[in-house]
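Below is one structure, written out as structure tokens; comments come after it.
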Amino acid sequence: MKKILFICLLFPFLGMAQSKPNIIYIMSDDHDADAISAYGSKLITTPNIDRIANEGMLFQRAFVGNSICGPARATLLTGQHSHKNGMKDNRTRFDGSQLTMPKLFQQNGYQTAIVGKWHLHTYPTGFDYWKILPGQGLYYQPRLIQMNGDTTTYPGYATEVITNEAIDWLQHKREINKPFLLLLHHKAPHRYFFPSPKNIEAFKNKTFPEPATLYADTTGKGSAWKLQTMSILHDMKLSSDLKVDPVYLMDIPWLKPDSAEVAYYNSIFNRIPVADRQKIKDIYAVRGKILQEQRPQGNALLKLKYQWYIQDYLATAASVDEGVGKLLDYLDNSGLTQNTLIVYTSDQGFYLGQNGWFDKRWMYDISMRTPLMARWPGHIQPRTKNNTMVQNIDYAPTFLDVAGISIPASMQGISLKPILKDTRVKVSRNSLYYHFYEYNADHTVLQHLGVRTDRYKLIYFYTVHEWQLYDLKNDPTEQRNLIADKKYADVLVNMKKELLRLRDYYDDHEKAGELQ
Numbered sequence: 009m010k011k012i013l014f015i016c017l018l019f020p021f022l023g024m025a026q027s028k029p030n031i032i033y034i035m036s037d038d039h040d041a042d043a044i045s046a047y048g049s050k051l052i053t054t055p056n057i058d059r060i061a062n063e064g065m066l067f068q069r070a071f072v073g074n075s076i077c078g079p080a081r082a083t084l085l086t087g088q089h090s091h092k093n094g095m096k097d098n099r100t101r102f103d104g105s106q107l108t109m110p111k112l113f114q115q116n117g118y119q120t121a122i123v124g125k126w127h128l129h130t131y132p133t134g135f136d137y138w139k140i141l142p143g144q145g146l147y148y149q150p151r152l153i154q155m156n157g158d159t160t161t162y163p164g165y166a167t168e169v170i171t172n173e174a175i176d177w178l179q180h181k182r183e184i185n186k187p188f189l190l191l192l193h194h195k196a197p198h199r200y201f202f203p204s205p206k207n208i209e210a211f212k213n214k215t216f217p218e219p220a221t222l223y224a225d226t227t228g229k230g231s232a233w234k235l236q237t238m239s240i241l242h243d244m245k246l247s248s249d250l251k252v253d254p255v256y257l258m259d260i261p262w263l264k265p266d267s268a269e270v271a272y273y274n275s276i277f278n279r280i281p282v283a284d285r286q287k288i289k290d291i292y293a294v295r296g297k298i299l300q301e302q303r304p305q306g307n308a309l310l311k312l313k314y315q316w317y318i319q320d321y322l323a324t325a326a327s328v329d330e331g332v333g334k335l336l337d338y339l340d341n342s343g344l345t346q347n348t349l350i351v352y353t354s355d356q357g358f359y360l361g362q363n364g365w366f367d368k369r370w371m372y373d374i375s376m377r378t379p380l381m382a383r384w385p386g387h388i389q390p391r392t393k394n395n396t397m398v399q400n401i402d403y404a405p406t407f408l409d410v411a412g413i414s415i416p417a418s419m420q421g422i423s424l425k426p427i428l429k430d431t432r433v434k435v436s437r438n439s440l441y442y443h444f445y446e447y448n449a450d451h452t453v454l455q456h457l458g459v460r461t462d463r464y465k466l467i468y469f470y471t472v473h474e475w476q477l478y479d480l481k482n483d484p485t486e487q488r489n490l491i492a493d494k495k496y497a498d499v500l501v502n503m504k505k506e507l508l509r510l511r512d513y514y515d516d517h518e519k520a521g522e523l524q
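Using our numbering, you'd call the opening residue of the sequence shown number 9 and step up by one each time.
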């Protein structure tokens with residue numbers, strides 16, 4: 009009888025120990041690690057996102073294989089580089105018939121859901137529930153497409169709407185007796201940066217430190233740097249990007265917007281609720297008055313545009329932090345925290361004024377690197393930091409491994425589950441592969457591929473046959489191309505060999521010039 013009583017008392021705990029973990033993956037859009045205080049940001053405090061790192065693991069060297077929105081999402085689903093999953097750029101339609109991570113979760117008793125940004129041009133497959141933004145989505149009064157094909161406009165601000173819809177699924181729509189995989193994908197802080205009204209107010213008067221290379225002379229850096237159109241000074245628009253009312257710009261010839269920019273300005277403001285619209289216009293009117301008074305050019309104009317850009321970018325990111333806090337509170341209050349692996353990341357990094365730039369796409373660490381942190385109570389020790397080089401091809405196999413699901417041979421990443429549990433574990437990979445394809449589109453960054461090791465990075469812009477080699481230890485901001493430096497001749501030979509090896513290993517044999 010005592011044995012029976014003991015087993016009966018123990019049974020609930022055995023059930024808890026054997027139950028499969030839930031997984032929540034939060035991915036923001038263009039949220040750079042330098043805009044997260046857990047990474048030591050001097051720009052913003054993000055207490056809720058930091059909580060995931062403080063209660064779990066912070067990855068200090070997480071990277072992507074193709075720094076652009078759609079391909080990063082396809083890599084999450086497939087565990088493959090872009091050339092394998094077919095999603096090489098933002099214009100391609102993702103083939104939803106292929107094997108994906110959520111389909112494997114479905115086949116193994118999980119319920120799957122995605123809420124928020126999708127951006128793959130086809131409807132989701134492998135999900136029991138989905139509610140997604142059309143395309144890039146809208147910040148104010150966003151539209152969401154539902155599984156039945158209906159598109160509904162939701163009052164409010166996109167980040168708040170997406171957070172609320174995800175919590176609503178957790179609270180009311182899922183089966184509580186089944187483990188779940190939830191992908192929560194934010195639009196924010198994607199360009200064109202438009203914060204919520206309260207965060208516009210909170211950030212409007214803040215001044216931020218300028219990056220050391222904001223005013224750097226980028227001439228003589230090769231064809232790719234010459235052709236790019238991601239300059240804050242030359243390519244960031246005052247009305248569409250920085251919300252300056254065109255009325256302030258019409259009599260300043262070098263700042264006068266074209267008709268398309270004026271139309272965009274009017275369209276975004278017309279979506280803001282009337283009660284907030286004039287207040288927001290009044291806040292942004294300060295920028296227009298400064299331009300009227302100072303009529304700046306050159307570095308004086310860049311100085312202003314940088315501050316306004318960072319104000320809006322960070323204010324937009326602040327809403328993501330608020331949403332993460334609301335979700336974490338829900339998990340605590342509903343008893344889901346203990347058995348849930350929660351991951352926070354972005355689809356890639358983002359330039360915050362370095363080299364005078366905004367946007368991403370490059371293999372340089374600022375855009376190739378992405379924030380990544382994970383909390384899994386009882387498995388990940390709090391406040392741990394991991395310096396392993398990991399890549400977004402690793403996410404799908406990691407989630408499958410955590411759930412006890414076999415990882416298919418088609419996935420090119422490795423499971424990070426062992427290093428989640430023990431930071432002393434070493435991964436059997438010493439270098440990362442990168443390939444960017446989208447040139448004839450936004451920001452005209454030339455196609456390139458490359459390899460990154462602990463210390464060195466080799467990049468090949470293959471349409472113009474130009475190479476770049478960087479010593480990341482001595483030049484972490486990647487400003488000095490060492491390709492012609494004889495002291496690095498042996499390094500160059502070895503890096504080219506490694507690049508060839510990775511191309512073969514990942515089976516990327518698309519024509520990209522001769523790697524010689």
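Note that the Cβ used here is the ideal one computed from N, Cα and C, for glycine as well.
Using the C-alpha atoms, what's the distance from residue j back to residue i?
{"i": "L152", "j": "W126", "result": "11 Å"}
{"i": "H473", "j": "L112", "result": "41 Å"}
{"i": "F21", "j": "K334", "result": "Caution is warranted here: a pLDDT of 40 is assigned to F21, below 50, making its placement in the model unreliable, and the coordinate value is therefore given only provisionally. Each residue's Cα considered, the two are about 29 Å apart."}
{"i": "F67", "j": "D38", "result": "17 Å"}
{"i": "Q315", "j": "N213", "result": "10 Å"}
{"i": "L18", "j": "K368", "result": "In this prediction, L18 has a pLDDT of 41, which is less than 50 and means its spatial position is unreliable; what the coordinates show is noted afterwards. Answer to the nearest angstrom: the Cα atoms are 53 Å apart."}
{"i": "A224", "j": "Q119", "result": "50 Å"}
{"i": "P304", "j": "H456", "result": "36 Å"}
{"i": "F390", "j": "N347", "result": "According to the sequence displayed, residue 390 carries Pro and not Phe. If you take the alpha carbons of P390 and N347, they lie about 15 Å apart."}
{"i": "T396", "j": "N489", "result": "25 Å"}
{"i": "Q356", "j": "A70", "result": "9 Å"}
{"i": "M376", "j": "L360", "result": "14 Å"}
{"i": "A497", "j": "L454", "result": "25 Å"}
{"i": "W475", "j": "F469", "result": "6 Å"}
Reducing DSSP to helix, strand and coil, say where residue i ends up.
{"i": "F407", "result": "helix"}
{"i": "R509", "result": "helix"}
{"i": "G306", "result": "helix"}
{"i": "G124", "result": "strand"}
{"i": "Y445", "result": "coil"}
{"i": "H525", "result": "In this structure the chain extends from 9 to 524, so residue 525 is not present and cannot be described."}
{"i": "Y272", "result": "helix"}
{"i": "E183", "result": "coil"}
{"i": "W370", "result": "coil"}
{"i": "Q119", "result": "strand"}
{"i": "V453", "result": "coil"}
{"i": "F67", "result": "strand"}
{"i": "H129", "result": "coil"}
With distance defined between alpha-carbon atoms, name the residue in the options nearest to residue i.
{"i": "L222", "options": "A308, K181, I34, V472", "result": "A308"}
{"i": "P281", "options": "Q149, G343, A268, L344", "result": "Q149"}
{"i": "G463", "options": "I31, T485, L141", "result": "Going by the sequence as given, residue 463 is Arg instead of Gly. Ranking the options by Cα distance to R463, first place goes to T485."}
{"i": "S528", "options": "I318, Y292, K264, L141", "result": "The question about residue 528 has no answer, for the chain in this structure spans 9 to 524."}
{"i": "N438", "options": "E446, T461, R182, S327", "result": "T461"}
{"i": "D97", "options": "T452, H193, L424, V499", "result": "T452"}
{"i": "Q487", "options": "V398, I415, Y372, H517", "result": "Y372"}
{"i": "A532", "options": "A492, Y165, A497", "result": "Any answer about residue 532 is impossible in this case: the structure gives the chain only from 9 up to 524."}
{"i": "S239", "options": "N363, S275, K434", "result": "N363"}
{"i": "I422", "options": "V398, Y442, Y441, Y445", "result": "V398"}
{"i": "Y442", "options": "I467, K434, P426, N448", "result": "I467"}
{"i": "R59", "options": "Q300, D249, G331", "result": "G331"}
{"i": "P426", "options": "N394, K465, M109", "result": "N394"}
{"i": "Y137", "options": "V169, A174, G145", "result": "A174"}
Drop a sphere of 10 angstroms on the beta-carbon of residue i, count the other beta-carbons inside from all chains shown, and report buried for 16 or more, exposed for fewer.
{"i": "P217", "result": "exposed"}
{"i": "Y513", "result": "exposed"}
{"i": "R199", "result": "buried"}
{"i": "S231", "result": "exposed"}
{"i": "T227", "result": "exposed"}
{"i": "N93", "result": "buried"}
{"i": "W370", "result": "buried"}
{"i": "P79", "result": "buried"}
{"i": "T160", "result": "exposed"}
{"i": "G73", "result": "buried"}
{"i": "I44", "result": "buried"}
{"i": "P254", "result": "buried"}
{"i": "P55", "result": "exposed"}
{"i": "L508", "result": "exposed"}
{"i": "D42", "result": "buried"}
Is any non-hydrogen atom of the ligand GTP found closer than 7 Å to the C-beta of residue i, if you look at the structure I gave you?
{"i": "I415", "result": "For the structure depicted, the ligand GTP is absent and the ligand set is empty, with no information on it obtainable."}
Sufficient close CB pairs (3 or more, under 8 Å) joining the stretch 424-435 to the stretch 190-210: no
Validate contact between the stretch 394-405 and the stretch 81-89 using beta carbons, cut 8 Å, 3 pairs: yes
Validate contact between the stretch 324-340 and the stretch 289-306 using beta carbons, cut 8 Å, 3 pairs: no
Inter-stretch contact at 8 Å, needing at least 3 Cβ pairs: the stretch 31-47 / the stretch 184-201: yes
Inter-stretch contact (C-beta, 8 Å, three-pair minimum) for the stretch 384-398 and the stretch 411-419: no
The stretch 177-190 contacting the stretch 246-264, beta-carbon criterion three pairs below 8 Å: no
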